[in-house]
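A quick write-up on the structure given underneath.
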Amino acid sequence: SSYTTYSYGPSPSAGVNFNATEKVEMQGLNDRLGRYIAKVRSLEEANRQLQIKINEASAEVVQDDGIDWAAELTAAREALLAANLDRARVEIARDSVLLEVNQWREKIEGVMEQRAALEDEVNMLKREQEELAMEKVDLEGQIEGAQGELDFLKQIHKQEVAELKERIKASGNVEIEMKMETVDLNAALKAIREQYEEIARRNRADVEKAFQDKVSAVKVEQAQSNEALTLVKSEINEIRRTLTGLQAELEALKAQQAAILDSIACAERDNAMAMEAKMEIISSLTGEVARLKSDMERVLKEYGELMNIKLALESEINQYNSLLSGEETR
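Using this note's numbering, the letters of the sequence shown correspond one by one to residues 59 to 388.
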């Protein structure tokens, strides 16, 4: 705005002379009006500077150094939500893996129980094998005893035959009768020998057959036990490999979960720090805007007061102009 400085004094054309008091009053009015105009211009400049600062502060709230803080806050919230969703998915995957591991652990425990039962059965078969081996040794001892008994009987038979021959020689019977008795005795001895040999042969055959049957049964049972044990060992190795793979997968998932949790924690810390910094900026800018608004309200209040003073001065000036016009007319 432009303001005109009014100077009041005696008009040369009117030729009117004012007294000293009126001149002093007019000079005072001119000084007051000049100070008022300077103050108004100063306030207008201050008001303009405040408006510039308010506009800059408002722009900084929305955009600081070209950064859209509202968009940044929205992106941070979305990133935090995505991180929480990822963490929830990882926890679900972890629970699923733990459930599967527990199921495999139960299966392994069942297989271990079966293995223990099979090992007990194998141990029982081994004990039976040892018992059969002992029976075999016992049967071999019986065979040796029977063979020794047979040899002893043969020895006794030889002694009896020798004694019988001695008695025959000493009897002095007719040679023909002696020959007849010798023939009959030899036949009897032969029959006895054949009978003992047949008994020994049958006993030996029975013992050998029983022993072979026992050995065959033990071999079959041992082969079955070895086959079952081999199968169990193979299953246990397969389960161990599966368990090792699951444990490795679980460790990998744990590492992945730890990394994700670390990333989430880091993101949360970064977001918290960024939010704190942004809130500090917003708080500072809000305080600055509030201060500028307060200053602006104060300036506007002063401006209003000055406007009232201006109106009062203009009213007084109009009154003086009216007085001057009246004096000039006279």
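Virtual Cβ for every residue (Gly too), placed ideally from N, Cα, C. This structure is a prediction, so every number in the text was calculated from the model and none was measured.
Judged by their CB atoms, E256 and V169 are not nearer to each other than the 8 Å cut-off.
Taking C-beta atoms under 8 Å as the contact rule, I201 and R262 qualify, at a distance of about 6 Å. Across the structure, Q187 and I214 are spaced so that their CA atoms are roughly 40 Å apart.
Rounded to whole angstroms, E136 and D328 show a C-alpha spacing of 14 Å. Per the coordinates, the alpha-carbon of S274 lies some 14 Å from the alpha-carbon of E193.
Non-local C-beta neighbours of Q314 in its own chain, meaning closer than 6 Å and more than five positions away in sequence, are absent. In this structure, the alpha-carbon of S341 lies about 15 Å from that of M331. Taking the Cα of M354 as reference, the smallest distance to any Cα among E177, Q270 and E103 is reached at E103. Around the beta-carbon of I95, 16 or more other beta-carbon atoms lie within 10 Å, marking it buried. Scanning its chain for C-beta atoms nearer than 7 Å, with the 5 sequence neighbours on each side dropped, one finds no residue around Q107. L156 sits exposed, since fewer than 16 C-beta atoms from the chains shown fall within 10 Å of its C-beta. Comparing C-alpha distances from R99 to each of V219, L358 and N160 shows the shortest one belongs to L358. When rounded, the separation of the alpha-carbon atoms in E221 and Q282 is 60 Å. Taking 8 Å as the cut-off, the beta carbon of V195 is found no closer than this to the beta carbon of L304. With a beta-carbon spacing of about 7 Å, T300 and W162 fall inside the 8 Å limit used to define contacts. Exposure of L369 is indicated by the presence of fewer than 16 other C-beta atoms within 10 angstroms of its C-beta. By the 16-neighbour rule on beta-carbons within 10 angstroms, L143 is exposed.
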